[in-house]
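Chains as they are written, first to last, in the numbering used here: chain A, 3 to 534; chain B, 29 to 301.
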């Protein structure tokens, strides 16, 4: 047994003293085995992952239990001896490679740090090892790749470089903390394949932390489900995927089954039409001849990787970025390209919901203030009428008015904040709402609640949505029509079934094929098909 | 503020608060508690401590204690007024610069760069010799100079807020620039601005004292601590510590304000220790 964590308790410093965040968790990892940790945010996955290296983040402390690594109790060791394990025998791959690399140093210099500190290789040996690992990670020009600075490589490449770095001292155990969460699906699949091959060929054991069920199914031999700092259940991957024993696990599995049935649209002309829009930041064109329409009462999903121009399209529609050519029509009437030239009535019709509810709500205002402003600004509501409407809005987003109206955003959970974002858009009584990645910062269960809410509001109020997302599952769940974008162009568009079920376009096919499936053999098959 | 919350204030900050309040009281009540007038010549020069004149007399035979008390009123009052003015000017321009990128920001920022490029004491000396000494000139010159620092802070903090989605949401709603500054930006940058106010006050206070020491501060016969150090500096050669009293007043207030600011900064940043 390589790693043996017994009854581990970890506490966090809070307002009222130390509060437990891990309530006695066991975790064992055998030589060469990959254990998946899955759960919502706040489940304690990352804390447990770091504890495997005998480390707790600032503000936390070990409160009990033991962490035995290859027979040595890490918690009983002095700091210096514990540090000798880290990087040498246990390595860590963080979620955000961009934030974890030092931008001032070349990749190869950062690679060689570990071997130098732990005296496992000389500089030239370490460099040779780096080239070998870069090649294995399918990085371009492995001989010269290390000479680049972190900002000179793409996100997926950087993540692979970090995996290579973790392997530098040939560790026995690697902790992967959501290594692909920040990546596009088309990039993610390559990184997953690289990680899988690297782990297999070096025979390293791994702890793979993620909130994505389909990903963990590909990577892990055994899965442990966690919630609120406790273990829910643990089983070999295939058994866990086919027959989870706990209700909570089953609810996680069921989330992916939310599907809005295909339906008849109410008809009528399009609410919003984007006609031949070309837009640029400076001299670089970021949108080229983008053309699509949002039918009345429909949800149009705009999908694509980051940098494909989805959000820029939203900026053009809202008037933040006047296009260089083309126009945006609202109900058949052209909208003035610049925000400042639009009438209040035109502004009211087009509302927006943001990805990060944290930054979309002013932390210094109460919910009442946040929602009152659009009511007063657009509709001139005051006093009694405004209060009535406030309560109505809170009912619509399924939050109790009395409990929430006088709180500030900081006192709300992520899902509740997102609901307030929705209420703020509804307050204007718009016809069209742009939803910019509204579920991607949320846990699956919470995200599903938001999708159901948005669907219900659409049915009740005849709203039209433009749903910007990179998540194919979300598209399958709610879209009536789909627009696929890449590099600022529309690659494919049509009804959901036309685009997704029999993809005509190569890129759409590639996009769809990159989405991890819960089937544990999916990645193996994709690698066999030659994914890089 | 309840007694319980008072008890949570760290002792250093509490000491600072008490001293600041004491200074303020002395300054406000100066006409009542000072035994003699500010410019009143009461006896011989350089009389020793004790007797009618608790802390002796100065180089012109004025009561030292009375002048210290009046000095609190003059020096602290002028410093406070100057700091307020600097803040008004600096934060409004800073917020505007952050909210209106483009030529407004460019113009204001470059202007501030030019002002900051000249060492501040030299700039103040130059400006005061050009404008002539006088309370109002003094206040204006120092206020403008310190407003540049406030501008930098207000602009930088406001820029961080301007990129937030809630500001974009307000812009999309059709709100005007001033509304956005007032409702979305200002409430989010008050903490750093308040902390800066304390620090700025110290610097202004020290600048005024330094200028008085150089003879360009408050015009005589007004009592101010910097000038009092200079007037009586000769005593030091005789081993008399009297000239150090006004200096000690300056030091004590500066330290007190810093204690309080430290505590405020700590609370604002939400750091635990």
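From the three backbone atoms N, C-alpha and C, an ideal C-beta is built for every residue, glycine too.
- Query: By the 10 Å Cβ neighbour count, where 16 or more other Cβ atoms means buried, how is residue 146 of chain B classified, buried or exposed?
  - Reply: exposed
- Message: Classify residue 152 of chain A: buried if its beta carbon has 16 or more other beta carbons within 10 angstroms, exposed otherwise.
- Response: buried
- Measure the CB-CB distance between residue 178 of chain B and residue 226 of chain B and report whether it falls below 8 angstroms. no
- Taking one C-beta from the stretch 146-159 of chain B and one from the stretch 170-189 of chain B each time, how about it: are there three or more such pairs within less than 8 angstroms? yes
- Query: Quick one: does residue 363 of chain A have its CB under 8 angstroms from some CB of chain B?
  - Reply: yes
- With distances taken from CA atoms, which of A:469, A:489, A:490 is nearest residue 480 of chain A? A:469
- Selection from A:268, A:274, A:315, A:256 that minimises the alpha carbon distance to residue 283 of chain A: A:315
- Going by C-alpha distance, which of A:414, A:6, A:62, A:436 is nearest residue 175 of chain A? A:6
- Message: If contacts are defined as beta-carbon pairs under 8 angstroms, then residue 280 of chain A and residue 291 of chain A qualify, I think. What distance do you get, rounded to the angstrom?
- Response: 6 angstroms
- Message: I'd like to know whether the C-beta of residue 1 of chain A is nearer than 8 angstroms to at least one C-beta of chain B.
- Response: There is simply no residue 1 of chain A to check, as chain A begins at 3 and stops at 534 in what is shown.
- If I'm right that residue 43 of chain A touches residue 360 of chain A with Cβ under 8 angstroms, what's the distance once you round it to whole angstroms? Not a contact, Cβ separation roughly 13 angstroms.
- Report yes if the CB atom of residue 132 of chain A is closer than 8 angstroms to the CB atom of residue 113 of chain A, and no otherwise. yes
- Query: Taking C-alpha atoms, which residue in A:476, A:385, A:353, A:519 lies nearest to residue 466 of chain A?
  - Reply: A:353
- Neighbour list for residue 366 of chain A in chain B, Cβ cutoff strictly below 7 angstroms: 215, 216
- Task: Starting from residue 293 of chain A, follow the beta strand (DSSP E) in both directions and report where the run begins and ends.
- Result: 286-297
- Measure the beta-carbon distance from residue 355 of chain A to residue 437 of chain A and round it to whole angstroms, keeping in mind my assumption that it falls under 8 angstroms. 5 angstroms
- Measure the alpha-carbon distance for residue 357 of chain A versus residue 317 of chain A and round it to whole angstroms. 14 angstroms
- Item | For residue 118 of chain B, the first and last residue of its enclosing alpha helix (DSSP H) | 105-127
- Item | N-terminal and C-terminal residue of the beta strand (DSSP E) that residue 466 of chain A is part of | 466-471
- Query: Using a beta-carbon distance cut-off of less than 9 angstroms, what residues from the stretch 312-335 of chain A approach chain B?
  - Reply: 320, 321, 322
- Residues in its own chain within less than 7 angstroms of residue 159 of chain A by CB, not counting five upstream and five downstream? 141
- Item | Cross-strand partners of residue 485 of chain A (DSSP beta bridge) | A:304, A:495
- Item | Beta bridge counterpart(s) of residue 336 of chain A as assigned by DSSP | A:331
- Query: What beta strand (DSSP E) runs, 3 residues minimum, are completely inside the stretch 406-451 of chain A?
  - Reply: 434-438
- Task: Kindly list the residues whose CB is nearer than 7 angstroms to the CB of residue 373 of chain A, restricted to its own chain and excluding five residues on each side of it in sequence; keep chain order.
- Result: 392, 395, 425, 426, 429
- Query: Of the residues that make up the stretch 379-411 of chain A, which ones have a beta carbon closer than 8 angstroms to any beta carbon in chain B?
  - Reply: 379, 380
- Message: Residues in the same chain with beta-carbon distance under 6 angstroms from residue 99 of chain A, minus the five sequence neighbours each way, listed in chain order, please.
- Response: 160, 161, 164
- Mind checking if residue 376 of chain A is an interface residue toward chain B, Cβ cutoff 8 angstroms exclusive? yes
- Name the chain B residues that come within less than 7 angstroms of residue 346 of chain A, Cβ to Cβ? 202
- Residue closest to residue 185 of chain A, alpha-carbon to alpha-carbon, out of A:157, A:264, A:63: A:157
- Item | Which of helix, strand or coil DSSP assigns to residue 366 of chain A | coil
- Nearest chain B C-beta to residue 428 of chain A closer than 8 angstroms, yes or no? no
- Task: Please state whether DSSP places residue 30 of chain A in a helix, a strand or coil.
- Result: strand
- Message: Going by DSSP in three states, residue 132 of chain B sits in which element: helix, strand or coil?
- Response: helix
- Item | Test item: CB-CB of residue 50 of chain A and residue 29 of chain A under 8 angstroms | yes
- Message: Using beta carbons (cut-off 8 angstroms, strictly below), is residue 212 of chain B in contact with chain A?
- Response: yes
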